[in-house]
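To keep things clear, I will list the structure first and then write my remarks on it.
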Amino acid sequence: MNKIQVGFLVSYDYELLKNAIPLVYKQADTIYLALDKDRKTWNGETIEIADNFFDWIRAYDTDKKIHLYEDQFYVKDLSTMQCEVRERKMLANKMGIGNWIIQLDADEYFINFKRFVTYLRTKTRLLINPEKHPVQIQPFHVSLYKKVDEGYLYVDEATKTVVATNYPEYTVGRKTKGQVIYFNALILHECLARNRDDLLQKLTNWGHNNDFDIEAFMKKWDGVNEHNYKEKENFFFLEPEKWKYLDFVKGKNFKELFDNFKIEKEQGLYKTKFFIIKKNIGQFFRYHFKKKSF
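Counting along the sequence shown from 1, when you hit position 178 you're at 178 in UniProt numbering, and nothing is skipped either side.
What follows is the structure, encoded as structure tokens:
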């Protein structure tokens, strides 16, 4: 109990875990990798995972923290989002109620995980009878939009995302009905910054595959580059105006990208202390008012 449990969903983009796992490894008590035993995506597509990936896991896991959890996560009669929620709940049960349940995707790179964990460890009281006071902790995504010749285009405003909870009754993705608590940390989200074939594979197999027009989105994605991104706006796949503008950071590989982002861009993307306090006060009253209404 009272552990920092980190879970990753393993699928077609499993190679990205070689970037994501090292950023959380030291501070995590246990890391779970959830993998469909039949190697199916939520859309029923068959994937292959190279044996050398598991060799890498064994070699990297010097502290024996990483556990592979295989089960049947694809269910033919469920939508992709229903499959996602089902898998997240099954994984959370393995991770154990009474711990902090942190679920990440392979393409999410936590910039300040040590500070995030330090914060969670000050809130262990929330792990006692969590069903009585469920919470969902929300840091902020910085979404990478596209890999271009000299670097990456990314969304120039950090947007909220849920990664941690004490009571994993997921409803949509990682969202629960618990009280939202914002925390001023950043996660660099590789999201859409993939080669075209890999991106199409993601868009047709993730939980949002029926929520937007993939062909129209790809047409816009194809048309933006490091020379014209300032002339365009509204890039989000669901509600375009939520990703209003893009910016550019140099980096020909993950290490260059991560280092350059931290040096040149990171500080300008944090929320103000006033913003965090105001949002958390608002969420406190919103949650408790809604709770009293039922």
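Glycine residues also receive a C-beta, built at the ideal position from the N, C-alpha and C atoms.
Please tell me whether residue i and residue j are closer than 7 angstroms, where the distance is taken between their beta carbons.
| i | j | result |
| --- | --- | --- |
| ALA164 | LEU269 | no |
| GLY178 | GLN136 | yes |
| HIS189 | HIS133 | no |
| ALA92 | ASP13 | no |
| LYS279 | TYR182 | yes |
| LYS40 | TYR74 | yes |
| ASN205 | ASN43 | yes |
| ASP247 | ASP156 | yes |
| VAL24 | PHE110 | yes |
| VAL224 | LYS232 | yes |
| residue 323 | GLN201 | Residue 323 is absent from the structure shown; the chain starts at 1 and stops at 294. |
| LEU9 | ALA34 | yes |
| PHE237 | PHE212 | yes |
| ASN260 | LYS250 | yes |
| ILE276 | ASN184 | yes |
| GLN103 | ARG174 | yes |
| GLU70 | LYS37 | yes |
Can you give me the Cβ contacts of residue i inside the same chain, cut-off strictly under 7 angstroms, excluding the 5 residues immediately before and after it?
| i | result |
| --- | --- |
| ALA193 | LEU144, TYR145, LYS146, LYS147 and TYR152 |
| MET81 | VAL172 and GLY207 |
| MET95 | GLN5, GLY7, TYR32 and ILE101 |
| GLU87 | LEU9, ALA34 and PHE73 |
| GLU108 | ALA20, ILE187 and HIS189 |
Drop a sphere of 10 angstroms on the beta-carbon of residue i, count the other beta-carbons inside from all chains shown, and report buried for 16 or more, exposed for fewer.
| i | result |
| --- | --- |
| MET1 | exposed |
| PRO22 | exposed |
| ARG286 | exposed |
| LYS7 | Residue identity differs from the one stated: residue 7 is Gly in this sequence, not Lys. Buried, since its Cβ has 16 or more Cβ neighbours within 10 Å. |
| ARG58 | exposed |
| ILE66 | buried |
| LEU203 | buried |
| GLN138 | buried |
| THR161 | buried |
| THR176 | buried |
| LEU68 | exposed |
Could you name the residues that DSSP lists as bridge partners for residue i?
| i | result |
| --- | --- |
| GLU108 | HIS189 |
| VAL24 | Paired residue(s): none; VAL24 is not in a bridge. |
| TYR182 | GLN138 |
| TYR99 | Before going further, note that residue 99 is Asn rather than Tyr in the sequence given. DSSP output for ASN99 lists ILE97 as bridge partner(s). |
| GLN5 | THR30 and ILE101 |
| PHE248 | LEU153 |
Apart from the five residues just before and just after residue i, which ones in its own chain have a Cβ nearer than 8 angstroms to its Cβ?
| i | result |
| --- | --- |
| THR124 | ASN2 |
Ordered along the chain, which non-local residues of its own chain (more than five positions away) have a Cβ less than 6 angstroms from that of residue i?
| i | result |
| --- | --- |
| ASN234 | PRO240 and GLU241 |
| THR30 | GLN5 and LYS65 |
List in chain order: all unbroken beta strand (DSSP E) runs of 3+ residues lying wholly within the region 143-178. Those beta strand (DSSP E) runs which fall completely within the region 143-178 and span 3+ residues are 151-155.
I'd like the ranges of any alpha helix (DSSP H) spanning at least 4 consecutive residues and lying wholly in the region 35-73. Entirely contained in the region 35-73, the alpha helix (DSSP H) runs reaching 4 residues are, in chain order, 51-60.
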